[in-house]
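Residue numbers (the working numbering): 539 to 745. All C-beta atoms, glycine included, are put in the ideal place defined by N, C-alpha and C. Remember, it's a predicted structure, so these values are computed and weren't measured experimentally.
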């Protein structure tokens, strides 16, 4: 009788063990997207760190395990996206100012294109007269005041030509700065798109 009781008890223990014991392979494996309940909890799986948090990329998301790489990349994207309107506003303001500068400089360039040939013609005329006056060595003293006046006029016209030439360089610099401002905004958008693509990849469920 006692022996039969032992056999029954042994069988009961084995049955209970088979019901309550959970094989290691059947335990839920922590990875991106696996539900969790304690916000901020952290753990490591095969050397990768995970945190119980809401996915920044998903609206009204629930608490799930997310790798720290996922969270860091996703948060970087969210912050960059939020900052994009500020970059757009700054870019628009910079472009507007540069457009105004370019318009003013264009007027000066047009004026320069008209004035430079006129100034050069006057320089040529005055220089020719200077050659004659300086060749008249007998009357150099008598003509000194005229010679000095003509020489000064030549220098002034040359300075004016140089100044007008600078205007042309200024408008080119302004146009280049405008292109760079627009390119910077475009690059910012491109970087945000790349960060989003990377975040989606790293945050893939089960990864």
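- The Cβ neighbour count for residue 596, taken over all protein chains shown within 10 Å, is under 16; the residue is labelled exposed.
- Spanning the alpha carbons of residue 742 and residue 736 requires a straight line of approximately 10 Å.
- If you look at residue 675, you'll find it isn't in any beta strand (DSSP E); DSSP assigns it neither H nor E.
- The criterion of a C-beta distance shorter than 8 Å is not satisfied by residue 590 and residue 600.
- The alpha carbon of residue 623 has as its nearest neighbour, out of 730, 740 and 567, the alpha carbon of 730.
- In chain order, 606 place their CB closer than 6 Å to the CB of residue 587, counting only its own chain and leaving out the 5 sequence neighbours on each side.
- Between residue 602 and residue 571, the CB-CB gap stays under 8 Å.
- Between the alpha carbons of residue 683 and residue 720 lies a distance of about 56 Å.
- Shown here, residue 577 sits in coil according to DSSP, grouped into three states, outside any helix or strand.
- Between residue 699 and residue 640 a beta carbon distance of about 22 Å is seen, past the 8 Å cut, so the two are scored as non-contacting.
- Cα atoms of residue 694 and residue 672: separation of roughly 20 Å, rounded to the nearest angstrom.
- Using a Cβ distance threshold of 8 Å, residue 692 and residue 647 do not count as a contacting pair.
- Within the DSSP secondary-structure output, residue 691 pairs in no beta bridge.
- Note on geometry: alpha-carbon atoms of residue 685 and residue 668 lie some 6 Å from one another.
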